[in-house]
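Protein chains in written order, with UniProt numbering: chain Z, 1 to 322; chain B, 1 to 322.
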């Protein structure tokens, strides 16, 4: 995908983008959150909103129209409510980018703006959903906002992130084994993150553990932790803390300080220690989630091997009617 | 609080409201979600955003300014990050409504628009945070949007909701005892909801159970359930399902159908069966959360009595430094 050309085409047809909607389900919805967080934090001309597909369809925003851009993502490309959401966006006159891994799916529809991505290990982050979204948004911001300062930093980060992820995956391999050895039989755990990476606490929970390991867990926002959830903390509870680099790190650090004092079982996945600092401070927060996603894959693989629970085993999804 | 006068004053000073920010922590943040969902769904002139206070402070939106309205809520009125968020809003020129139960707190600050609410059992819903927010938004919509159709329905709902809640609390009393009798020792449960009431799945989890009962649980969006989390479902897992009335009900019904087939332990709290249907269909979805909040109080009280774990017992909050 050539992000610059794609954005030129969108701007030519839609003049100005005022609303950006991020619409998908489950793991694909997770991938869209950093883009949403980026628009919500950085944009002077656009508003962002993040929806699970069915909710977008049953309660569509009044602003949805010609000056909207809708990011749609469905790995398999045929998720019913996501396809409905794409058509809703199109019928309202919005520009609709449909990302899918499946070229033979409903999402690869030339009446929209389909982007078919590859998902092999060798594929660069810039060509996977999180990277695609970030590149498109970076170009729109450049076109629409004269005050926009992050263009070069984001472009540079997109070049650097693959090397960072690769090194981090190597670095944590042994840690994931030790984690699985210690905690494979844990009945329950909490996963915390903040900022753009709250999405990764969510995805780690609902995809990597609940879906792929049938393990019970709960995602928490590190900032919200102190307003209720921390009351369960004790030496028997297990936590995974995703520590971002960026302005939101203060929330993760506060959670860590508390865990050090009152908990005993906690795993820290620290983006800073894992090398994310090679990316410019001005925009590093939008890259943490890419690294954390790779870490969730590493940890779930460690759990799979120890628990002998194949990551691809399903009892309902794609198996029964629902 | 006279919502009409308050809105007249805001419009006079700020001309037009374009952005409405809902900013608080924990249980207070829960109370602000239905207002956010209302703006996101119904408004043609405004955008809504919902933030935990610290995230609002560290990553404030660029749109925050003179044409913004910020709803702030802090029950005790001194939550540090919430007070910071209020000042940030004020310094950016926004209208800032600070809701608090504590007249002697930092939130009762006449340089903003303080609304001190009572919290006794006899206080009507219209004078508690969810009702205050809904009334203010109803007036703003009336002033700003000529197409707005829900004014009378919302006003009528605000009159009716107290009677509905009272009847429902009586109706479920025995059910909450039976629920506690059966599940008091359960190690873990999932709580599901959707639409405006996703907030109540969140609040039921983080406030009523994690904070007040030190019980482990996880909140889920009923629509997202099918995109990962349902893989853990079996006859041993416990679920509470908040079934809304309104367009989002289809998501809750789909979850119920699945639970009936594959689970055995689930408690349905059905707003329709509990009388929410007395409120007009056009806006009933914004009242479900008020009813569900009362239900979460009823269920946690049942659990408190059976588990002999006082709802007000804390080991960290207000007890230690953090």
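Note that the Cβ used here is the ideal one computed from N, Cα and C, for glycine as well. The model shown is predicted, which means the values in this text are computed figures rather than measured ones.
Beta strand (DSSP E) runs wholly inside the region 205 to 256 of chain Z, at least 3 long, in chain order:
217 to 221 and 238 to 243, all fully within the region 205 to 256 of chain Z.
Using a Cβ-Cβ distance under 8 Å, would residue 248 (chain B) count as near chain Z?
Yes, its Cβ sits closer than 8 Å to a Cβ of chain Z.
Is the beta carbon of residue 244 (chain Z) closer than 8 Å to that of residue 325 (chain Z)?
An answer regarding residue 325 (chain Z) cannot be provided, because it is not within the stretch 1 to 322 covered by chain Z.
Output yes if chain B places a C-beta closer than 8 Å to the C-beta of residue 27 (chain Z); else output no.
Taking 8 Å as the CB threshold, residue 27 (chain Z) lines the interface with chain B.
Find the residues of chain B that neighbour residue 52 (chain Z), judging by a C-beta separation of less than 7 Å, and give them in chain order.
In chain order: 221, 223 and 224.
Quick check: the Cα distance between residue 202 (chain Z) and residue 246 (chain Z), rounded to an integer number of angstroms?
Looking at the two C-alpha atoms, the distance is approximately 19 Å.
Beta-carbon within less than 8 Å of residue 119 (chain B)'s beta-carbon, same chain only, minus the 5 sequence neighbours each way: which residues are those?
Correct list, in chain order: 75, 101 and 128.
Excluding the 5 residues preceding and the 5 following residue 132 (chain B) in the sequence, name in chain order all residues of the same chain whose CB lies nearer than 7 Å to its CB.
The residues are 1, 99, 115 and 117.
Could you tell me which of Z:318, Z:56, Z:186 and Z:195 sits nearest to residue 306 (chain Z), measuring between CA atoms?
Closest in C-alpha terms to residue 306 (chain Z), from the list Z:318, Z:56, Z:186 and Z:195, comes Z:186.
Residue 310 (chain Z) by DSSP, collapsed to three states: which one?
Coil.
Endpoints, beta strand (DSSP E) assigned at residue 53 (chain Z)
If you look at residue 53 (chain Z), you'll find it isn't in any beta strand (DSSP E); it sits in the alpha helix (DSSP H) that goes 53 to 58.
Beta-carbon gap between residue 72 (chain Z) and residue 107 (chain Z) smaller than 8 Å:
Result yes, Cβ atoms of residue 72 (chain Z) and residue 107 (chain Z) sit closer than 8 Å.
Beta carbon of residue 291 (chain Z) nearer than 8 Å to that of residue 167 (chain Z)
No; because the gap between Cβ atoms is not below 8 Å, this pair is not in contact.
Is any beta-carbon of chain B found at less than 8 Å from that of residue 149 (chain Z)?
No, residue 149 (chain Z) lies away from the interface with chain B (no Cβ there is under 8 Å from its Cβ).
Please confirm whether residue 204 (chain Z) and residue 240 (chain Z) have their CB atoms less than 8 Å apart.
With contacts defined by Cβ atoms closer than 8 Å, residue 204 (chain Z) and residue 240 (chain Z) form a contacting pair.
So, for residue 172 (chain Z): in the same chain, excluding its five sequence neighbours on each side, which residues have a beta-carbon less than 7 Å away from its beta-carbon?
Excluding residues within five positions, the ones whose Cβ falls inside 7 Å are 295 and 298.
Leaving out the 5 sequence neighbours to the left and right, which residues in its chain are closer than 6 Å to residue 208 (chain B) when beta-carbon positions are compared?
Cβ within range, chain order: 296 and 300.
Looking only at C-alpha atoms, which of Z:82, Z:61, Z:37 and Z:17 sits nearest to residue 224 (chain B)?
Looking at the Cα atoms, Z:82 is the closest of the given residues.
Which residues in the same chain as residue 10 (chain B) place their Cβ atom closer than 8 Å to its Cβ, once the five residues preceding and following it in sequence are excluded?
Annotation for residue 10 (chain B): 17, 69, 95, 113 and 140 place their beta carbon closer than 8 Å to its own, counting only its chain and skipping 5 residues before and after.
Under 8 Å between C-beta atoms of residue 19 (chain B) and residue 87 (chain B):
Here residue 19 (chain B) is not near residue 87 (chain B), since their CB atoms are 8 Å or more apart.
Measuring CB to CB, does residue 157 (chain B) end up less than 8 Å from residue 283 (chain B)?
A contact, by the Cβ cut-off of 8 Å.
Does the beta carbon of residue 106 (chain B) sit closer than 8 Å to a beta carbon anywhere in chain Z?
Residue contact with chain Z for residue 106 (chain B): absent (no Cβ-Cβ distance below 8 Å to any residue of chain Z).
Would you mind sorting residue 103 (chain B) into buried or exposed? The rule is 16 or more other CB atoms within 10 Å of its CB.
So residue 103 (chain B) ends up on the exposed side.
Selection of the region 267 to 287 of chain B by Cβ proximity to chain Z, strictly under 7 Å:
Answer set for the region 267 to 287 of chain B: empty.
When you compare only the Cα positions, how much space is there between residue 270 (chain B) and residue 211 (chain B)?
Each residue's alpha carbon lies about 24 Å from the other.
List, in chain order, every chain B residue whose beta-carbon is nearer than 9 Å to that of residue 177 (chain Z).
The contacting residues do not exist; residue 177 (chain Z) stays about 24 Å from chain B at best.
Closest residue to residue 231 (chain B) among Z:255, Z:280, Z:242 and Z:206 (Cα-Cα distance):
Considering only alpha carbons, the answer is Z:206.
With H, G and I counted as helix, E and B as strand and the rest as coil, what does DSSP make of residue 47 (chain B)?
Strand at residue 47 (chain B).
With distances taken Cα to Cα, identify the nearest neighbour of residue 126 (chain Z) among Z:155, Z:180 and Z:150.
Of the candidates Z:155, Z:180 and Z:150, the residue whose Cα lies closest to the Cα of residue 126 (chain Z) is Z:155.
Determine whether the Cβ of residue 210 (chain B) lies closer than 8 Å to any Cβ atom of chain Z.
True, the Cβ-Cβ gap to chain Z drops below 8 Å.
Evaluate residue 229 (chain B) with the Cβ neighbour count: other Cβ atoms within 10 Å of its Cβ, from every protein chain shown; 16 or more gives buried, anything less gives exposed.
So residue 229 (chain B) ends up on the buried side.
Using the Cα positions of residue 178 (chain Z) and residue 52 (chain B), report the straight-line distance between them to the nearest angstrom.
If you take the alpha carbons of residue 178 (chain Z) and residue 52 (chain B), they lie about 34 Å apart.
With a threshold of 8 Å between beta carbons, is residue 77 (chain Z) in contact with chain B?
Not an interface residue.
Exposed unless 16 or more other CB atoms sit within 10 angstroms - verdict on residue 136 (chain Z):
Counting Cβ neighbours within 10 Å, residue 136 (chain Z) comes out buried, since at least 16 surround it.
Start and end residues, alpha helix (DSSP H) containing residue 152 (chain Z):
In this chain, the alpha helix (DSSP H) harbouring residue 152 (chain Z) covers 151 to 183.
Endpoints, the beta strand (DSSP E) within which residue 74 (chain B) is located
Counting along the chain, the beta strand (DSSP E) containing residue 74 (chain B) begins and ends at 68 to 74.
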